[in-house]
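Report on the structure given below.
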Amino acid sequence: MIRNNEAVAVIMTFPERFSNLPEYAFPRLRTLLDMHKPGGDIVHMTIGEPRHAMPDFVGDVFTQNVDLFAKYPDNYGTSDLTSSIADWLKMRFEVTVDASSQIMALNGTREGLMNACIALCPETKRSQVPVVLTPNPFYQVYAVAAVTVGAEPIFVPATRETGYLPDYANLPDEILNRTAIAYICSPSNPQGAVAPRDYLRDLIALAEKHDFKIFADECYSEIYRGSAPVGAMQVAQEMGADPERVVIFHSLSKRSNLPGLRSGFVASGVQNIEHIKRLRSYSGAPLSLPTQAVSARVWADEDHVVSSRSLYAEKFDMADKVFSGIDGAKAPQAGFFLWLPVKNGEAAALKLWTQTGIRVLPGAYLSRDVAGENPGKDYIRVALVAPKEETQRALTTLRDCLYG
């Protein structure tokens with residue numbers, strides 16, 4: 001229990017904690033580019049906002065349920081929504097969960113990735129400051145979540161040499177024994193790497209040995225070419241691991257081209273979800289009932305997912321042709337970003353903007369300096385979210401500008 005003087009001490013540390021965070025990626029990009037005139041028609045390839053068609057039934061379902069705005073929404077997800085999600089998990093990953101006790105609807109996965117850390121990270125682990133592991137580069141909410149709970153974030157390189165996945169197993173026991181949470185993103189943002197079954201099996205075994213939880217951000221799992229990515233909960237159930245060991249996060253933003261719906265879910269063991277729900281009871285960020293009705297219908301439909309995935313596959317193939325012969329520029333296994341090698345990401349982004357009008361994101365803005373090294377500094381992230389013809393023109397222009 002925190003006494004009054006302790007509460008003041010904790011609150012007073014927050015400004016200091018957050019003042020040490022680097023500026024978020026997109027304000028940094030505006031500072032870099034916006035004082036300069038674009039060198040051509042502006043083409044946005046920075047943000048991962050899908051531009052494929054959303055499911056054609058969304059408007060009808062929303063209209064049919066618009067009167068539900070007159071009611072307070074179910075705080076954790078209606079039974080229709082959680083049942084639809086449970087059915088999808090069974091169909092997609094052969095994972096069996098209880099819809100009422102192992103799933104909670106989210107206002108997009110960013111909320112879940114943040115609040116699950118608040119709900120599940122212990123204040124201390126074995127009388128020491130807990131550690132939160134994150135890949136580097138990474139989705140920035142992972143680090144902010146760690147700072148919020150007073151944990152020590154450890155940034156583990158996810159580079160070409162490691163298959164763009166963090167090698168947590170080679171961390172020293174001193175760190176692993178203090179680890180409370182390890183974030184993993186598969187398919188990864190920004191590199192598009194897919195964690196194979198063996199990698200996930202080894203990571204779960206490591207978590208069981210050192211008693212930490214795995215937060216698996218699987219938002220890009222439905223955008224792939226070739227075989228469908230395996231899921232962390234899928235592997236955990238195959239292994240017979242503790243159901244509380246893995247927490248998974250999914251979203252309709254990427255899967256279903258509905259970023260504005262702000263709809264996703266978290267699934268895990270009963271105890272983990274109880275703790276996350278308890279925080280939701282106080283923090284209060286439920287989805288509106290019309291949104292939940294739409295979400296339930298969208299999780300139940302796969303046709304639009306298959307159609308969208310085929311469009312991304314065409315753009316993957318197109319990118320491979322455009323960048324043929326350029327080392328390290330092959331399109332990824334999954335996701336919808338290109339992680340392109342350049343001499344300096346900031347310089348490349350500025351050159352592209354001033355000479356062509358194309359906006360891309362320097363890789364260093366998605367990474368942290370560790371021991372003087374930033375694993376993203378010599379990369380740019382390019383989002384393949386625009387229609388095929390626009391993407392073809394932009395990638396050809398980008399190649400000629402940076403690699404010509």
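For the sequence shown, the UniProt record's numbering gives the first residue as 1, with consecutive numbering after it.
Think of the CB as a built atom: it goes at the ideal place given N, C-alpha and C, for glycine as much as any other residue.
Asked                                                                                                                                                                                                      : Found
Would the beta-carbon of residue 42 fall within 7 angstroms of that of residue 357?                                                                                                                        : yes
So is the beta-carbon of residue 57 under 6 angstroms away from any non-hydrogen atom of the ligand ATP?                                                                                                   : Judged by which ligands are present, the structure shown has none, so any question about the ligand ATP falls away.
Have a look at residue 403 and residue 336 and give me their C-alpha separation to the nearest angstrom.                                                                                                   : 21 angstroms
Starting from the C-beta of residue 91, find all residues in its chain whose C-beta is less than 7 angstroms away, skip the five residues before and the five after it, and write them out in chain order. : none
Roughly how many whole angstroms lie between the Cα atoms of residue 395 and residue 355?                                                                                                                  : 14 angstroms
With DSSP as the reference, identify every bridge partner of residue 183, one or two as the case may be.                                                                                                   : 215
At the level of alpha carbons, what is the spacing between residue 264 and residue 27?                                                                                                                     : 26 angstroms
Taking Cβ positions, are residue 181 and residue 121 nearer each other than 7 angstroms?                                                                                                                   : yes
Report, in whole angstroms, the separation of the C-beta atoms of residue 341 and residue 329, which I expect to be a contact under 8 angstroms.                                                           : 7 angstroms
Look at residue 177 and residue 210 and say whether their C-beta atoms are less than 7 angstroms apart.                                                                                                    : yes
Helix, strand or coil: how does DSSP classify residue 388 here?                                                                                                                                            : helix
Are there 16 or more other CB atoms within 10 angstroms of the CB of residue 172, so buried, or fewer, so exposed?                                                                                         : exposed
Suppose contacts are defined by Cβ-Cβ distances below 7 angstroms. Is residue 48 in contact with residue 383 by that definition?                                                                           : yes
From 166, 223 and 221, pick the residue whose C-alpha is nearest to that of residue 202; which is it?                                                                                                      : 166
Which same chain residues end up closer than 8 angstroms to residue 318 when comparing Cβ atoms and leaving out the 5 residues on each side of it in sequence?                                             : 388, 391, 392 and 395
Under 7 angstroms Cβ to Cβ from residue 241, same chain only, skipping five residues before and after it: list those, please.                                                                              : 204 and 208
Among the candidates 212, 325, 381 and 145, whose CA atom is the shortest distance from the CA of residue 348?                                                                                             : 381
In whole angstroms, give me the CA-to-CA distance for residue 154 and residue 185.                                                                                                                         : 15 angstroms
If we ignore side chains and look at the alpha-carbon of each, how far apart do residue 174 and residue 145 end up?                                                                                        : 22 angstroms
Using DSSP with H/G/I as helix, E/B as strand and the rest coil, what is residue 123?                                                                                                                      : coil
Nearest to residue 60 by CA position, among 138, 147, 132 and 293, is which residue?                                                                                                                       : 293
If I follow the unbroken beta strand (DSSP E) through residue 153, where does it start and stop?                                                                                                           : 152-157
So for residue 401, helix, strand or coil by DSSP?                                                                                                                                                         : helix
With distances taken from CA atoms, which of 385, 297, 377 and 65 is nearest residue 159?                                                                                                                  : 377
I need the DSSP call for residue 174, collapsed to helix, strand or coil.                                                                                                                                  : helix
Considering only the alpha carbon of each residue, which of 74, 34, 109 and 288 lies closest to residue 249?                                                                                               : 109
Rank 44, 93, 399 and 23 by C-alpha distance to the C-alpha of residue 235 and give the top, closest one.                                                                                                   : 93
Is the CB of residue 274 under 7 angstroms away from at least one CB in chain D?                                                                                                                           : Here there is only one protein chain, and chain D is not present.
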